[in-house]
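As structure tokens, the structure follows; a few thoughts come after it.
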Amino acid sequence: MATKAATSKKKKETKKDFVPNIVAFACNWCSYAGADTAGVNRVQYSPNFRVIRTMCSGRVTPGFVLKALKLGADGVLVSGCHFGDCHYIFGNYKAVEQFEKTKALVKTLGLDERRIRLEWVSAAEGDRWGVVINEFVEQITALGPSPLNHKPKHDE
Amino acid sequence: METTLEQLKKIHAFLCLECGKCTAVCPISRFNNSYSPRRLLAEGLFYGAGDLVNNNLLWSCLTCQLCSQRCPVDVRYSEYMRDIRAVAHSQGKTGNPSHSGALLHIMEMHAEPKLKQNRTGWITDDLKVKATGEVVYFVGCLPYYQDLFSKDFSFAPVSIAQDTVRILNHLGIEPAVMDNERCCGHDLYWLGNLDKFDEVGMRNLEEIEKTGARTIITACPECAYTLKRLYPERVDGMALTVKHISEVVAENIDKFKFAEHPLEISYQDPCRLGRYLGVYDQPRQVLQAIPGVTLHEMPHNRRGAICCGTTNWMNCDATSKQIQLGRLSEAKAAGADTLVTACPKCQIHFRCSECGDQSQRADINLTDFVNIVASALDGRGVK
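As they're listed, the protein sequences go chains A and B. In terms of our numbering, the first sequence opens at residue 617 and continues consecutively. In terms of our numbering, the second sequence opens at residue 7 and continues consecutively.
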């Protein structure tokens with residue numbers, strides 16, 4: 617009985633103290649530099665994400681996002697250059713195409729489609745990077761942990 | 007972990023005569039001369055799995071069983087590959103998954119008990135399905151293929167599911183369709199990920215039990231093979247009848263009145279349906295029962311059929327493309343305008359090959375067995 621009480625107490629705590637784990641795929645030319653600008657400008661924003669730099673947002677195929685979700689990410693952000701700004705001319709159009717597929721797969725898998733997000737952040741938009749991350753963290757916190765999230769909650 | 011002596015005995019490895027027939031018929035070896043089943047088997051026998059697990063060629067095997075078909079002493083080479091892959095998997099090694107591993111990640115996610123999928127969107131109002139019943143229709147990964155491939159290859163994988171239900175409805179069967187069916191685990195099994203395979207298997211058996219069905223019908227040869235042969239191998243006392251849709255149609259061929267359907271076709275034997283399950287005649291019998299359909303057999307047919315070039319979404323490369331082009335050209339040369347296959351994956355792989363450059367295309371139509379049967383049934387013609 618004692619163990620049962622302890623686990624239920626622990627469950628309650630985790631729900632209250634849910635800290636989302638977000639994976640952010642940022643393109644090398646705009647969004648990664650944008651995140652850098654956010655750092656240089658000392659923009660204050662949530663630390664609940666891990667950035668993975670890709671050369672282009674168009675490289676982020678459904679497999680990338682699904683792997684992150686499989687490994688227990690509560691949310692996945694894909695971020696690239698604004699249309700017309702892509703270093704590879706139309707890589708971000710490809711990103712949209714790939715993201716549509718990802719969205720359909722995530723829906724079929726029965727996960728909330730709000731767990732994945734596609735955003736455009738340029739190298740100068742440090743503030744916007746902070747806003748995007750804060751918004752997304754808020755959204756994921758409201759959604760709660762992903763059904764695939766088995767990791768113990770990290771200590772803050 | 008190592009492959010054990012028992013495992014090697016089980017696949018008849020020690021009987022190998024080193025005759026090299028396996029390498030002579032292997033579709034991969036034909037285009038990639040660094041790949042040789044004979045050599046890989048000999049390496050495993052002499053040095054164990056140690057070096058093989060680091061060899062990328064380990065993941066190239068199509069597990070199409072053509073080598074075992076020709077082997078005079080019945081060395082089970084595909085199973086040997088599975089055993090070595092299981093060792094490699096336990097060390098965290100893998101090949102080059104196609105589509106960035108999207109489908110393999112989905113399969114592994116399916117092992118999660120809490121997952122509540124949203125996979126029945128393909129069921130339109132004219133299709134009669136139930137939640138429980140005697141017969142369950144095992145859909146397989148078709149809804150996921152729809153999301154991933156329908157735009158690129160301009161075909162609808164879910165039409166296979168819809169037409170299967172139409173055929174079953176015509177026979178007066180209202181199949182049960184499971185809301186939360188999992189991947190059958192076929193690819194996980196052949197890639198050596200046996201833990202996840204057991205998990206998805208258990209989830210599926212739980213779901214099937216909920217429907218109360220005793221018979222499973224599927225339109226996917228891989229699902230049919232996995233449910234029929236692999237599940238009973240790993241779960242004791244599984245008493246379910248598993249049938250591929252072509253067997254069901256062939257059994258009830260008297261109940262079908264087909265409309266005239268002029269078409270020059272050839273039939274691609276999927277490895278799992280043909281060499282693994284021995285279903286060669288039923289699809290042919292049904293296709294030839296459709297008035298107007300002429301079946302042109304390819305030189306490599308039935309037991310000698312050549313694989314569609316990729317299996318388990320792994321190591322798809324230039325060799326795969328050459329196999330596909332060769333196979334499609336073979337069908338074209340046999341006099342067919344349409345290649346009929348009974349496996350959704352074969353169709354995806356062939357369609358991918360047909361997306362290539364003009365000089366790399368065979369320009370042949372591709373369709374699924376159930377699509378042809380259903381369209382001859384209601385006379386709507388083939389798309």
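Glycine included, each C-beta is placed from N, C-alpha and C at the ideal position.
Contact check, ALA117 (chain B) vs VAL206 (chain B), beta carbons under 9 Å: yes
Going along the chain, which residues of the stretch 99-117 of chain B sit with their C-beta nearer than 7 Å to a C-beta in chain A? HIS105, SER106, GLY107, ALA108, HIS111, ILE112, GLU114 and MET115
Mind checking who MET320 (chain B) pairs with in its DSSP beta bridge? B:PRO103 and B:THR317
With distance defined between alpha-carbon atoms, name the residue in A:THR653, A:ALA649, A:VAL639 and A:LYS683 nearest to VAL790 (chain A). The structure shown does not extend to residue 790 (chain A), since chain A spans only 617 to 772, so no value can be given for it.
Would you mind stating whether LYS686 (chain A) and LEU154 (chain B) have Cβ atoms separated by less than 9 Å? no
Would you mind reading off the limits of the beta strand (DSSP E) that contains ARG290 (chain B)? ARG290 (chain B) -> not in any beta strand (DSSP E); alpha helix (DSSP H) instead, spanning 287-295.
So, helix, strand or coil for ASN175 (chain B), using DSSP? helix
Which of helix, strand or coil DSSP assigns to ASP343 (chain B): coil
Please report whether the beta-carbon of PRO149 (chain B) lies at a distance below 9 Å from any beta-carbon of chain A. yes
Is DSSP giving HIS371 (chain B) helix, strand or coil here? Looking at the sequence itself, residue 371 (chain B) is Asn, so the reference to His does not match. In this structure, ASN371 (chain B) counts as strand in the three-state DSSP scheme.
Three-state secondary structure (DSSP) of GLU257 (chain B): helix
Using a Cβ-Cβ cut-off of 9 Å, state whether GLY679 (chain A) counts as contacting chain B. yes
Following the continuous alpha helix (DSSP H) through GLY679 (chain A), name the residue where it begins and the one where it ends. 678-686
Answer yes or no: does any C-beta atom of chain A fall closer than 9 Å to that of GLY127 (chain B)? yes
Ignore the nearest five residues each way along the sequence and tell me which others in PRO268 (chain B)'s own chain have a CB closer than 8 Å to its CB. GLY298 and VAL299
Does the pairing of the stretch 349-363 of chain B with the stretch 247-261 of chain B give three or more beta-carbon distances under 8 Å? no
Here's a check: name, in chain order, each residue in its chain whose Cβ is nearer than 6 Å to the Cβ of ARG278 (chain B), leaving out the five neighbours to either side. PRO227, GLU228 and TYR231
Distance between ASP204 (chain B) and TYR150 (chain B) (C-alpha atoms, nearest Å): 21 Å
Alpha-carbon to alpha-carbon, ARG209 (chain B) and MET617 (chain A): Low confidence applies to MET617 (chain A): its pLDDT is 39, below 50, so where it sits in the model is not reliable enough to give any reading.
Short CB-CB distance (under 9 Å) between THR724 (chain A) and chain B: yes
Indicate whether ILE251 (chain B) and ALA348 (chain B) have their beta-carbon atoms separated by less than 9 Å. yes
For the alpha helix (DSSP H) that PHE37 (chain B) lies in, which residues bound it at each end? 33-37
Nearest by alpha-carbon distance to ALA711 (chain A): which of A:LEU721, A:LEU727, A:LYS723 and A:VAL694 is it? A:VAL694
DSSP has TRP736 (chain A) in a bridge; who is on the other side? A:GLY696
Just the chain B side, please: which residues come within less than 8 Å of PRO763 (chain A) by C-beta, in chain order? GLU118, LYS120, LEU121 and LYS122
LEU14 (chain B) to PRO276 (chain B), Cα distance in whole Å? 27 Å
Within-9 Å CB hit, LYS157 (chain B) to chain A: yes
Leaving out five residues before and five after TYR83 (chain B) in sequence, what residues of the same chain have Cβ atoms less than 7 Å from its Cβ? CYS28, PRO43, LEU47, CYS73 and SER74
Using 10 angstroms around the beta-carbon of SER104 (chain B), count the other beta-carbons present and answer buried if the total reaches 16, otherwise exposed. buried
9 Å Cβ cutoff, ALA720 (chain A) in contact with chain B: yes
Apply the 10 Å Cβ neighbour rule to VAL292 (chain B) and answer buried if 16 or more other Cβ atoms are within range, or exposed otherwise. buried
For a test of the three-state rule: what should DSSP assign to LEU301 (chain B), helix, strand or coil? strand
Verify whether the separation of the beta carbon atoms of GLN353 (chain B) and ASP369 (chain B) is less than 9 Å. no
Residue burial classification, TYR53 (chain B) (beta-carbon count within 10 angstroms, cutoff 16): exposed
Find the nearest neighbour of TRP736 (chain A) within the set A:ASN644, A:LYS719 and A:VAL635, judged by alpha-carbon distance. A:ASN644
Classify ASP771 (chain A) as buried or exposed, calling it buried when 16 or more other Cβ atoms lie within 10 Å of its own Cβ. Residue placement at ASP771 (chain A) cannot be trusted, given a pLDDT of 48 that sits under 50; what the coordinates show is reported in the next sentence. Exposed, by the Cβ-count rule.
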